[in-house]
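Engineer: Next up is a structure, given as structure tokens.
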Amino acid sequence: KAGVTQTPRYLIKTRGQQVTLSCSPISGHRSVSWYQQTPGQGLQFLFEYFSETQRNKGNFPGRFSGRQFSNSRSEMNVSTLELGDSALYLCASSLVNRDEQYFGPGTRLTVT
Amino acid sequence: DAKTTQPTSMDCAEGRAANLPCNHSTISGNEYVYWYRQIHSQGPQYIIHGLKNNETNEMASLIITEDRKSSTLILPHATLRDTAVYYCIVRVATAYGQNFVFGPGTRLSVLP
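Protein chains in written order, with our numbering: chain A, 116 to 227; chain B, 412 to 523.
What follows is the structure in structure tokens.
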């Protein structure tokens, strides 16, 4: 069974731009969560989607948003990029009734 | 904030058992303990989770104390590829749901 895939793997953007990252969960997984990882703050939870609905969110500004499609694929969007948004963005998927999450390789975003 | 505390770093000789401790003194009766690890620049990898009974899988064993205030992850025969940051996690309840909150983890170095 294929794992969680994320695209693109690397991305360079300029301050003020926006970016969209994509995540394809493991087949059959319906829950998708997003995390941001930086050297200073570590791994921080962004939000979780299930059945196309955001059901959980972390403490991030509204510039960070996401959505989930009917096939469980998910995207996250960051608008008006800031230098501090440079990070590894990780996506994780899980089954409906099981809690362990399986992570993708991440998208490394660099904002210049 | 994370509900767990772990040592910052540990060393282990290759071929020996690695015992990684975790304190979670405020854990509630229905909260699971999860363990993940992250090898440099990769997404975190699920290892094991448990509620109150000891658990074992192909990767590791999880020993939870009777009062559930602490646990130990055991890698029975550590290899160089087990060098990673190991995270012990108890979900944190927020206004939006229960989040995985990653602390700084334990950096395990397996030495030849």
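Glycine included, each C-beta is placed from N, C-alpha and C at the ideal position.
Source: prediction; values computed, not measured.
So is N192/A in contact with chain B if we call contact Cβ pairs under 8 Å?
Structural biologist: Output row for N192/A: interface = no.
Engineer: In chain order, what residues of the same chain lie with their CB nearer than 6 Å to the CB of V512/B, ignoring the 5 residues before and after it?
Structural biologist: So the list reads A413 and V503, once near-sequence residues are dropped.
Engineer: Would you report the Cα separation of Y445/B and F218/A, rounded to the nearest angstrom?
Structural biologist: Taking the straight line from one Cα to the other gives about 14 Å.
Engineer: Here's a check: name, in chain order, each residue in its chain whose Cβ is nearer than 7 Å to the Cβ of T120/A, leaving out the five neighbours to either side.
Structural biologist: These residues qualify, in order along the chain: S139 and G219.
Engineer: Please identify the residue among I450/B, T415/B, Y447/B and G440/B whose C-alpha is closest to the C-alpha of C433/B.
Structural biologist: Of I450/B, T415/B, Y447/B and G440/B, the residue nearest in Cα terms is T415/B.
Engineer: Quick one: what's got a C-beta closer than 6 Å to R188/A's C-beta in the same chain, skipping five residues either side?
Structural biologist: Excluding sequence neighbours, R188/A sits near S139.
Engineer: Since V211/A contacts R145/A with CB under 8 Å, what's their CB separation in whole angstroms?
Structural biologist: V211/A to R145/A, Cβ: 5 Å. Contact.
Engineer: Comparing C-alpha positions only, which one of I127/A, E163/A and P123/A sits nearest to S209/A?
Structural biologist: Minimum Cα distance to S209/A is reached at E163/A.
Engineer: Can you tell me whether DSSP reads G516/B as helix, strand or coil?
Structural biologist: Three-state DSSP puts G516/B in coil, outside helix and strand.
Engineer: What beta strand (DSSP E) runs, 3 residues minimum, are completely inside the stretch 415-455 of chain B?
Structural biologist: With a minimum length of 3 residues, the continuous beta strand (DSSP E) runs that stay inside the stretch 415-455 of chain B are 420-424, 429-434 and 444-449.
Engineer: Which residues in chain A sit within 7 Å of G454/B, going by Cβ to Cβ distance?
Structural biologist: Simply L205, F218, G219, P220 and G221.
Engineer: Near S481/B, which residues of its chain fall below 6 Å by C-beta distance, leaving aside the five closest residues on each side in sequence?
Structural biologist: If we look at S481/B and ignore the five residues flanking it on each side, its Cβ neighbours are N434.
Engineer: Please check if any C-beta of chain B sits within less than 8 Å of the C-beta of E215/A.
Structural biologist: Yes - at least one Cβ of chain B is within 8 Å of the one on E215/A.
Engineer: Thinking M421/B and T483/B are a contact (beta carbons under 8 Å), I'd like their distance in whole angstroms, please.
Structural biologist: With 8 Å as the limit, M421/B and T483/B do not qualify as a contact, their Cβ atoms being about 12 Å apart.
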